[in-house]
Amino acid sequence: MSKKLEMQFITEEGKNRVIAVDQPKENLTASTVQTAMETIIAQDMFTMDGYKVFSSIKGARYVTRTVEDILEAE
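Take 821 as the starting number for the sequence shown in my numbering and just add one per residue.
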């Protein structure tokens, strides 16, 4: 099983962008994640074609994925 933290942003053009963090700390609070996301936005270091890639916060979530092998070739 793997777990990711997905931080969802909106660009200046209104498109969705995600930063995914593998194996994040457990039980992060909304305020901790919001502060981190606000810092990313404030740094203004990501641009594409002259617009901000991370302009505003859309949300954040944990995503858990479980993989169950049913066959493995030798």
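Glycine included, each C-beta is placed from N, C-alpha and C at the ideal position.
This structure is a prediction, so every number in the text was calculated from the model and none was measured.
Rounded to the nearest angstrom, the gap between the Cα atoms of Glu894 and Met827 is 39 angstroms. For the pair of segments examined, the stretch 860-873 was found not to touch the stretch 882-893: the number of CB pairs separated by less than 8 angstroms stays below three. Within the same chain, no residue comes within 6 angstroms of Leu891 by CB-CB distance, once the 5 residues on both sides are set aside. Between Glu888 and Lys824, the alpha-carbon positions lie close to 18 angstroms from each other. Distance from the Cα of Asp869 is smallest, within the candidate group Glu832, Val853, Met821, for Glu832.
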